[in-house]
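Protein chains in written order, with the numbering used here: chain A, 186 to 302; chain B, -19 to 93.
Every residue, glycine too, gets a C-beta built ideally from N, C-alpha and C.
Only a predicted model underlies this, so the values are computations on that prediction, with no experimental measurement involved.
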């Protein structure tokens, strides 16, 4: 079974600065997908960014980018120019690409990000 | 497009009572899921469905039942609620294949006293 580990329960960043959230995972599969979800105080889960394991290029979405290290099984999220609206819980998630796995997600325990003025 | 909706948003139950949570999606997704979220534990999969009329157990299925009689709806039932089932429950749906993400509902906060 796959596991996802987020070792930073809480992080803090100043507005306009850059912060990196860590995520490691354990799998024996070679093809899979990785996601970062954001959960603001409203509780709504919002997709931030996704990465296909077969792609070597790191995904980027505006101020959000990932550092995907397949051999190290590491998938960190970098938030540049942090804004107050980035304050939320961030979850890393793994999904197998194998058929028959029902596209189930395995989540990490989350990192709570505070953004200060 | 309403996306994924959940009913109700909040509920308080007494131990032993039963209830059903309703999830509906209007995106024609084949797959649907129920998760529970507890502090410090992330989201854990309770049950899921890969199509109308089919359901399967996830990581923490005990004490819950599900049904998917229509493609757009996925019901989560608690037959005899226990305080350990106090949690926030999320429904999600997704397309079958590809790198598509799961789309989540707004959650239901359930308290069992």
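Beta-bridge partners of residue i, as assigned by DSSP
i: residue 31 (chain B); result: B:34
i: residue 57 (chain B); result: B:0, B:45
i: residue 271 (chain A); result: Beta-bridge pairing links residue 271 (chain A) to no other residue.
i: residue 73 (chain B); result: B:12, B:83
i: residue 211 (chain A); result: A:188
i: residue 88 (chain B); result: B:69
i: residue 278 (chain A); result: A:220, A:292
6 Å Cβ shell around residue i - same chain, five flanking residues per side excluded
i: residue 236 (chain A); result: 219, 244, 251, 253
i: residue -4 (chain B); result: 60
i: residue 7 (chain B); result: none
i: residue -10 (chain B); result: 89
Among the options, the one whose alpha carbon lies nearest that of residue i
i: residue 191 (chain A); options: A:207, A:202, A:201; result: A:207
i: residue 32 (chain B); options: B:65, B:58, B:52, B:82; result: B:52
i: residue -14 (chain B); options: B:85, B:91, B:92, B:93; result: B:85
Residues of its chain near residue i, where Cβ-Cβ distance is below 7 Å and the 5 sequence neighbours each way are ignored
i: residue 261 (chain A); result: 205, 206, 207, 208, 251, 252
i: residue 50 (chain B); result: 32
Cut-off 8 Å between Cβ atoms - residues of its own chain near residue i, not counting five sequence neighbours on either side
i: residue 34 (chain B); result: 48
i: residue 203 (chain A); result: 263, 264, 265, 266, 267
> Got a sec: which bits of the stretch 226 to 247 of chain A sit with their beta carbon under 9 Å from any beta carbon on chain B, in order along the chain?
Replying inline: 227, 228, 229, 230, 231, 232, 235, 236, 237
> Closer than 7 Å, Cβ to any Cβ of chain B: which residues of the stretch 272 to 302 of chain A, in chain order?
Replying inline: 276, 287, 288, 289, 290, 292, 293, 294, 295
> Relative to chain B, which residues along the stretch 195 to 221 of chain A have a C-beta separation below 9 Å, given in chain order?
Replying inline: 218, 220
>> Give me the subset of the stretch 22 to 56 of chain B whose CB atoms are less than 9 Å from a CB atom of chain A, sorted by chain position.
In response: Those residues of the stretch 22 to 56 of chain B placed with their C-beta closer than 9 Å to a C-beta in chain A are 22, 23, 24, 25, 28, 29, 30, 36, 38, 39, ordered along the chain.
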